[in-house]
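As structure tokens, the structure follows; a few thoughts come after it.
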Amino acid sequence: MAKELPTSLKEIPAQDNLPDLFKFDNGKKVKDLKDWKERRKELVEPLMFYQYGSIPPRPDKVTPRLDKEKAHPSGMGKERWVTLIIDSKRKLEMRLVIYEPNTPGPHPVIIEEEGSLGGSKNAERFMKKNYLFIEYARHDLDPDRKGTKGPAQKAYPENDWETLAVWAWGGMRVVDYLEGRTDVDMKKIAITGHSRGGKMALLAGALDERISLVVPNGSGAGGAGSSRILGPGAESIGMNDKPHWYHPRIRLFAENEAHLPFDQHFLKALVAPRGLFCIESTDDLYANPLGTYATSKAAMPVYELYGVPGRNAIRFRRGGHTFSGSDWTSLLDYAELTFYGRVPQDGQSFWQNPAEVTPRPDSGGESGFLRVGHAGNKGDYNYPRVGSFGSVDHDYEIGRYKVSNAEYALFLNWAACESGLFGLYNPKMRIRRELKVGKIIYEAYPATANAAVTYVSWYDALHYCNWLGGNYGTSLDDSTGQRNKGAKYFLPTEDEWYKAAYYNPKTKKYKLYPLRDSHKIENSEKLASKSSYGMMGTSDHVWEWTESKVGEAFRGIRSDSWFQGNNYQAAGRYYSNPDLELGHLGFRVARTSPESTDNNEVEKKGLPKRARKFRR
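Counting from 727, one number per residue, gives the positions in the sequence shown under the numbering used here.
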């Protein structure tokens, strides 16, 4: 490193927005392509210092050793099993499987990292188009085990690199090998991978300009997904349970993401003007499709500066966290377009917005508030990377259900009459806006009147609470404020939400999993999203804003939904940007508890008179 970068947050100023790609470290602005090529050099250092670690230089030699060769089952070519011997002195070994078509070169190439070599189901589609398809064994360099240094780190102890950097470096060594072949088109080299492999692919493509096309699939945090812009359920820095993937310095920014001197759009900008194609699923919330779109959009000005905006591509589909067959088809289509200018027959777009997620009609119910007593209860177990939640020193009440479209429509009618909407209404809500008798009226669609209102920001939820009788010290056109003493209605804190959802006052314990304490499901059991206090609707797809601040830029969100093993416990938590309005973000209201009330269910009407007067 040319200089030691700061390791104290006090020395790293916070930036709520994505850092400016066109602003030099000294504050000077990039004016043209010449300036950008100088600015580009500044992007690598913070990425490697804080997140990935330093990698060794290119080795003096990469020598292939043919281990075996056999015909491919398709009859289109052959499989060659090769071991690369990396560095003439250190002699690090990494295995490849090369699927070679019978057709003559020069061949374009697709490189994919693999945990298990051989038997590729995707090679055939590329061989048909005269591509070499190469798998390399990432575990030969790093076994992907916490607390274990792999062969590559042992071979290069002078470098403080971690797993993702090791794997990316391995992909670059495959390119070294390809340079020694006469049947390869070195201007048509693509690298891809899924999830952790997608993180690797993006890093390798950012660092190695010999790679012509970079295709991360569902790469999420540390890959294509933003660290600052987190959609509901998105993995954050502090949530990661694979610390060996990253340099330990990245933990400095857990819940302090605003202090990051970079974001993942730096990697994407480093790829420019070469091809970049991010493939995402809108249902794969943990991989942060919203944040991936944001970083792709932020990198677009660099591609425009080069005059090649079409080389910055992103595609969304529905489905889970997987490298699907349709993803592979899209990869081939985009490679054909990028390498040869062949436009897909279906005319698909390679720049897409995330697909809309619309509310389900069963996401609500009859309104009402529930008493949550037993003040002074202890918090849940202090889970790693999550912390302890649920300890509340006061009694309170919480909505049985999330705020519905019908209830929010009453609020909109009041706001329209009193002082204007100030962005409180989103046309994507299941609430129609009509002109009746000379004034604007808001009405929920009958089929989804009781469904949870969505497309509300955290600020919108605050204003709703103030309408009911909150005291956040905020007006309709003021987006700041904290809960003040005397507030009667408010967003629940994470502790208040967590206690109402998971605490059992009889056992004085918390549910281990969202719906029960055991991971075993008996046939006779019926799953029900109802807490011990009676809170409902926590297991649907609508996440809930809480009042709690997380770091400097986020607010906590809660749901029973989960995405991977380290977060399927009830304790799993997420946070998001407070100004987001999405189809799977809603809220429920809490309020102070009248001491004279002993019943668990306080009232069924759920709304004070001031709110009910707008009911039609």
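The beta carbon of each residue, even a glycine, is placed where N, CA and C say it ideally should be. Bear in mind that the values here come from a model prediction, so they are computed numbers and not experimental data.
| Query | Result |
| --- | --- |
| Residue 760: CB within 7 Å of a non-hydrogen atom of the ligand SAH | The ligand SAH is not part of the structure shown, which contains no ligands of any sort. |
| Assigned secondary structure, residue 898 (DSSP; H/G/I helix, E/B strand, else coil) | helix |
| Simplified DSSP assignment, three categories, for residue 1261 | coil |
| Backbone CA spacing between residue 1268 and residue 1222 [nearest angstrom] | 18 Å |
| With 16 other Cβ atoms within 10 Å as the buried cut-off, status of residue 1176 | buried |
| Continuous beta strand (DSSP E) assignments of at least 3 residues falling wholly in the segment 895–972 | 910–920, 939–943 |
| Exposure label - residue 1233; buried when at least 16 CB within 10 Å | exposed |
| Whole-angstrom distance between residue 1001 and residue 938, CA atom to CA atom | 6 Å |
| Close Cβ partners of residue 1032 (< 8 Å) along its chain, the five nearest in sequence each way excluded | 759, 998, 999 |
| As assigned by DSSP and simplified to three states, the class of residue 1282 | strand |
| Residue 746, buried or exposed, once every other Cβ within 10 Å from all chains shown has been counted against 16 | exposed |
| Option in 1064, 1017, 1117 with minimal Cα separation from residue 1036 | 1064 |
| Same chain, Cβ closer than 6 Å to residue 1062, five either side skipped, listed in chain order | 1068 |
| Check whether residue 1376 and residue 909 have beta carbons under 8 Å apart | The first residue shown for the chain is 727 and the last is 1342, placing residue 1376 beyond what the model contains. |
| Given residue 1124 as reference, the closest of 878, 821, 1317, 1312 once Cα atoms are compared | 1317 |
| When 743, 737, 1281 are compared against residue 1024, the one with the closest alpha-carbon | 743 |
| Own chain partners of residue 1152 with C-beta closer than 6 Å, once the 5 adjacent residues on each side are dropped | 1181, 1307 |
| Residues sharing a beta bridge with residue 1077, DSSP | 1040 |
| Inter-residue Cα distance where the pair is residue 1205 and residue 1185 | Its pLDDT being 44, under 50, residue 1205 is placed unreliably in this model, and the value from its coordinates should be taken loosely. Computed Cα separation, rounded: 6 Å. |
| Same chain only: Cβ atoms within 6 Å of residue 1006, ignoring 5 sequence neighbours per side | 1015, 1018, 1042 |
| Status (buried if at least 16 other CB within 10 Å, exposed otherwise) for residue 754 | exposed |
| Integer-rounded CB distance, given that residue 903 should sit under 8 Å from residue 790 | 6 Å |
| C-alpha distance - residue 1304 paired with residue 1270, whole-angstrom precision | 12 Å |
| Chain-order list of residues whose beta-carbon lies under 7 Å from that of residue 1229 (same chain, five-residue window excluded) | 1103, 1116, 1236, 1258 |
| Contiguous beta strand (DSSP E) assignments of at least 3 residues, all confined to the segment 781–821 | 788–797, 803–812 |
| Pick from 1224, 815, 857, 960 that is closest to residue 1256, judged by C-alpha positions | 1224 |
| The beta strand (DSSP E) enclosing residue 981, as first and last residue numbers | Per DSSP, residue 981 belongs to no beta strand (DSSP E) and is neither H nor E. |
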